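To keep things clear, I will list the structure first and then write my remarks on it.
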Amino acid sequence: MLREQYGTARAISSATRARWWTSPKSDLILAVDLEERYSFVSSRIRDLLGYRPEDLLGNKIDDLKDHSSELVTLYRDVVSGKQLFAACEYGARHHDGSWRTMRASASRLFDAKGNLSGAIISVRDISIEKKLEQQIIQSERMAAMGQMIGGFAHELNNPLTAILGVSELLQDEGASEATKKQLSMLQQQARRAAEIVQNLMYFSRPPAPGKSRLNLGELVDRTLHLHAYSLRKSNITVDFLSESGLPPVVGDPHQLMQVFLNLILNAEQAIREARDRGTIRVRLGHTDDSVWATFQDDGPGIAPEILPNIFDPFYTTKRPGRGTGLGLSICKAVLKEYEGNIEGASAPGGGAVFTVMLPIASGGTAVAAEGTATPSS
Ligand SMILES: Nc1ncnc2c1ncn2[C@@H]1O[C@H](COP(=O)(O)OP(=O)(O)O)[C@@H](O)[C@H]1O
Ligand SMILES: [Mg+2]
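With this note's numbering applied, the sequence shown covers 246 to 622.
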C-alpha cells in the first residue's frame, strides 16, 4: 500500500518534482491523488504539525478530525477544474492537540503521460502572522476608540461647565434651603461627570508630561495627605513606611500622583465594600535598578479569574456610577511612559496588593530630601 502511494509520487514528472520538492524550506508539500488520499507528504510535516509523513500517507483528506474542511474544498476545486490554481486558509491540529492556522496553495498535478493525477498542495503555518494581524486590528480599534472618546469628552465639557456655573449662580441668588440642597446635589453630580470627562480626555490624549527627578516616597506621602480626610472618614488607617535614602526616579509629579491616588481610591473602595474599617499598607524600597512602591489593602482581594482584565480600559466590577474602569489603565499608561510597570495580585493574607516600579534615574544617588518612615494618618 505504502509502496503504491510512493509510486504515485514517483509518477510526478521529475521537473515538477524538482520545482516543488526544493521549494522554500518553510513549506510543507502534500500530493493528493484522485482518490483523495495523500500520496506524498514532505518531512516538513514534523516541524509544522508534529507528525511523521507515514502517519498521513494513504489516508483520505476528508478525514476531518485533523483539519478544517477548507482544505478538502480547495483540493476538489482544483481537481475538478473549477479553479486551476487556488489558495485557502484552514485550521490544522498539531500532534500536541493545539490548532494552527495554515495557508495552502494548490494546483493540479499530472503524471508522466500528461494525465491528471491529483493535486499538489504547499502549506505553511501562518498562526503567528494571524495573531499579529489580530493584535494590530485590536490596537487600531483602540486608537480609533480613543479618538472618538476624546471628541465626546470635549463636547461634554462645555455643557458641564455651563451647568456648574449656572447652578452656582442660582445658589447665590437667595434660593430656599430646600432648593439650595437640590442645587448642591446638582453641582456634586455635575462635578462627578466633569471628573469622568477629565479621565476620558486623559485616556484618549495623555497630556505632554513635564519630566523631573523625584523622590517617590515624598510623592506618595503627599498623595496620602491629600486624601487623608476621606480615608479618615472611612475609618481607614494608613501604615506608611519608606526606605530611607530612596534613589530618584524620573517622571511627571502630577501624573504619578494620579497613579497613586487611583490605587488609594481603589483600595478605599474595596475596603468599604467589605467592612467598615481597614488598613492600607504602603511600602517603598529599591532594588539595583528600580524603585518600588506597594499598596496593600485588607479588602476582599481580587478574584484570580478577573486578574488578567483589571488593567483593561473600561473594565470595572463596580456598579454603574461608581467605577469607570479607567483608573488602572491610566496607571499602566503613565508608568509605561516612564519605562516603569504596575502589577496587581491578591495579597497573601487576603486583600489586594499593587506594586508600582520605576527605573532609578540615571546617575541616581539618594535624593537629598527625606524618605524616612513617616506614619501618615
Ligand atoms: N484594591 C482592590 N481590591 C479589589 N479589587 C480591585 C482593587 N483595585 C482594583 N480592583 C479591581 O479592578 C477593577 C478595575 O479598577 P479600575 O481600573 O481602577 O476601575 P474602577 O475602579 O473604576 O472599577 C475594579 O473594578 C476592581 O474589580
Ligand atoms: Mg478605580
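Quick reminder that beta carbons are idealized off the backbone N, C-alpha and C, glycines included. On a predicted model such as this, the values are computed, not experimentally measured, just so you know.
Distances between the C-beta of D542 and the heavy atoms of ligand 1 include at least one below 7 angstroms. Take the alpha-carbon of S325 and the one of K376: they are about 33 angstroms apart. In terms of Cα proximity to E413, the closest of A398, I381, M430 and L401 is M430. When the five nearest sequence neighbours on each side are left out, the beta carbons in the same chain lying within less than 7 angstroms of the beta carbon of D311 are those of A337 and R338, in order along the chain. Residue environment for S367: buried (at least 16 other C-beta atoms within 10 angstroms of its C-beta). Listed as beta-bridge partners of Y283 by DSSP are V277. Assigned with DSSP and collapsed to three states, F505 falls in helix.
With 16 or more other Cβ atoms from the protein chains shown falling within 10 Å of its own Cβ, T468 counts as buried. The beta carbons of D278 and S284 sit about 4 angstroms from each other, so the pair counts as a contact at 8 angstroms. Pairing Y296 with E315 gives a Cβ-Cβ distance that is not under 8 angstroms.
Partner residues in the beta bridge of N586, as assigned by DSSP, are M602. DSSP, read as helix, strand or coil, puts E334 in strand. Counting along the chain, S352 sits inside the beta strand (DSSP E) bounded by residues W344 to F355. G523 carries a strand assignment under DSSP once its states are collapsed to helix, strand and coil. Taking 8 angstroms as the cut-off, the beta carbon of S535 is found no closer than this to the beta carbon of F556. Within the DSSP bridge table, the entry for S487 names L529 as partners. Per DSSP, the beta-bridge partners of K305 are R282. L571 has its Cβ nearer than 7 angstroms to a heavy atom of ligand 1. Taking the Cβ of K563 as the reference point, at least one heavy atom of ligand 1 falls within a distance shorter than 7 angstroms.
As the crow flies, the alpha-carbon of S350 is around 12 angstroms from that of V317. In the DSSP assignment, I290 falls within the unbroken alpha helix (DSSP H) covering I290 to L294. The distance from the Cβ of L273 to that of I290 is about 5 angstroms, consistent with a contact at the 8 angstroms cut-off. In this structure G596 is buried. Its beta-carbon is surrounded by 16 or more other beta-carbon atoms within 10 angstroms. Counted as a single uninterrupted DSSP element, the alpha helix (DSSP H) harbouring A473 occupies residues A473 to K478. Taking 8 angstroms as the cut-off, the beta carbon of L491 is found closer than this to the beta carbon of L461. Comparing alpha-carbon positions, the option among N402, I441, K563 and R526 lying closest to L486 turns out to be R526. Counting along the chain, L361 sits inside the beta strand (DSSP E) bounded by residues L361 to D370. As the crow flies, the alpha-carbon of Q434 is around 54 angstroms from that of M347. In the DSSP annotation of this structure, the continuous segment of the alpha helix (DSSP H) that includes D322 starts and ends at E315 to V324. The beta-bridge partner set that DSSP reports for V536 consists of H531 and L603. Within the DSSP secondary-structure output, A597 pairs in a beta bridge with S591. Pairing A592 with V601 gives a Cβ-Cβ distance that is not under 8 angstroms. In the three-state reduction of the DSSP assignment, D542 falls in the strand class, which pools E and B. Put simply, the region 511–522 touches the region 537–544. At least three CB pairs are less than 8 angstroms apart. Of the residues L506, M446 and N304, the one whose Cα lies closest to the Cα of S475 is L506. Rounded to whole angstroms, the separation of the alpha carbons of T482 and D521 is 12 angstroms.
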